[in-house]
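Student:
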Amino acid sequence: MSNPMDRADRVAAKLAERELDALLVTDLVNVRWLTGYTGSNGLALVGPAAQRVFLTDFRYLTQASEQVADGWQREIAPELQQAVTGFVGPADGKTVKLGFDDAHMSVRDHTALAGRIAEGVELVAAGGIIEDLRAVKDADEQARIRAAAKLADAALSEVLTRGLAGRTERDVALDLEMTMRRAGAESGSFPSIVASGTHSALPHAVPRDVEIPKGTLVTIDWGAQLDGYASDCTRTYATGELDPRDREIYELVLKAQIESLAAVRAGAGGRAVDAVAREIITAAGHGEHFGHGLGHGVGAEVHEGPRLSQRSEATLEVGQVVTVEPGVYVPGAVGVRIEDLAIVTADGSDVLTSLPKELQIIE
Ligand code: ZN
Ligand code: ZN
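Heads up: the sequence shown begins at 1352 in the numbering used here, then just goes up one per residue.
1. Asp1489: which of Leu1449, Trp1384 and Pro1554 sits nearest, CA to CA?
2. Is Ala1552 closer than 8 angstroms to Tyr1680 when the C-beta atoms are compared?
3. Run through the DSSP bridge pairs and tell me what Thr1585 is partnered with.
4. Is Thr1570 near ligand 2 - that is, is its Cβ less than 7 angstroms away from at least one heavy atom of it?
5. Could you name the residues of the same chain whose beta carbon sits closer than 8 angstroms to that of Gly1444, not counting the 5 residues immediately before and after it, in chain order?
6. If we call anything under 8 angstroms between Cβ atoms a contact, is Leu1605 one with Ile1544?
7. What residue does the beta strand (DSSP E) around Tyr1680 start on, and which one ends it?
8. Quick one: what does DSSP say His1555 is sitting in, helix, strand or coil?
9. Report back the beta-carbon spacing between Ala1506 and Met1531 to the nearest angstrom; my notes put them in contact at under 8 angstroms.
10. Measure from the alpha carbon of Met1456 to the alpha carbon of each residue in Ala1469, Leu1474, Thr1446 and Val1447, then state which is nearest.
11. Measuring alpha carbon to alpha carbon, tell me which of Asp1483, Asp1491, Asp1357 and Leu1603 ends up nearest Gly1666.
12. Examine the Cβ distances between the segment 1532-1541 and the segment 1557-1568 and report whether three or more of them are shorter than 8 angstroms.
13. Counting C-beta neighbours from all protein chains within 10 Å, is the total for Lys1565 16 or more, i.e. buried, or is it exposed?
14. How long is the line joining the alpha carbons of Gly1650 and Ile1694, rounded to whole angstroms?
15. DSSP three-state call for Phe1641: helix, strand or coil?
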């Protein structure tokens, strides 16, 4: 962040658009994005007249003073939800509209907050304000996602030198996660998927204690979490000569991936980009075997906005980071998914994934 308070100012501008006076930020990923704080108990209040309050408990006193930018008024309290009510009250007899994150706040917390809040403060459901802002990444965030993708690519490349056939799916997944950790990742950005043979037809397959055979397809979907940011990528490999049906499906998914990735640019609709891949796959008779959306945003969380799907209402913007990941899953037979991560630019995209997409044979 060039100026750490820029994000709070952007939130304040959104509040004005939505006719809110203040926003209570309770989701920890949103709190981190907004303030820099990485602890496990904290909340932020963005109010009128540059009011910026960050609350945590005494355990995080030092951490908060190190991480939370100086523009924030840092407060320590045993009960954050209770304490925050002391910072919001009606101004000049006018009702104050306090937005809260209805997508993340529990009913219990909401009830407690509503019971304590001052007369003249109205709680207004306002989920999604920070998520919408988070969808567009600044240069610092783009650099972190790029670094996470680079680390993940290098880790898989190293794992592949140890081969695939004859190892269990679980062994490959563990090897990949350990390799990412050793290279500096905080963790995988989600549990890695390693799915071979008919199991590759399950989009969210859990790695098994089953040996990967020769002459089959193996789908590997993995990502690294680095400096608070995620990456996400999928490659499907062959462990030897394939039967023509499997190769045909691979080539189909590859074509859909290349063409839909080429449709990514600022101004393109999330639905329109999805449709590029979907039409190619449907024309080949596999429309019903592509049962998920084409892609999603990636940032502090591995799944965030915008969505590329049949129901998406998003219009892509410069600086968003999205996956493009068509797949074909023939139940009981075979599955292929190919996924790249890309930064949306004015006239296309900047692809962060460096691994080849032409079918590779890894024995
Ligand atoms: Zn993925
Ligand atoms: Zn993905």
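Beta carbons are placed, not taken as given, at the ideal position from N, Cα and C, and that holds for glycine.
Tutor: On the basis of the supplied data:
1. Looking at the Cα atoms, Trp1384 is the closest of the given residues.
2. Yes, the Cβ-Cβ distance between Tyr1680 and Ala1552 is below 8 angstroms.
3. Partner(s): Asp1572 and Glu1690.
4. Not so, every heavy atom of ligand 2 lies at least 7 angstroms from the Cβ.
5. Here the set comprises Gly1471.
6. Taking a C-beta distance under 8 angstroms as the contact criterion, Leu1605 and Ile1544 do not qualify as a contact pair.
7. Counting along the chain, the beta strand (DSSP E) containing Tyr1680 begins and ends at Gly1678 to Val1681.
8. Residue state, collapsed to three classes: coil.
9. Indeed, because the Cβ distance is near 4 angstroms, the residues count as touching under 8 angstroms.
10. Ranking the options by Cα distance to Met1456, first place goes to Leu1474.
11. The amino acid occupying residue 1666 in the given sequence is Thr; Gly does not appear at that position. Measuring from the Cα of Thr1666, the nearest candidate turns out to be Asp1483.
12. No contact exists between the segment 1532-1541 and the segment 1557-1568.
13. Around the CB of Lys1565, fewer than 16 other CB atoms lie within 10 Å, so the residue is classed as exposed.
14. When rounded, the distance between both Cα atoms is 11 angstroms.
15. Residue state, collapsed to three classes: coil.
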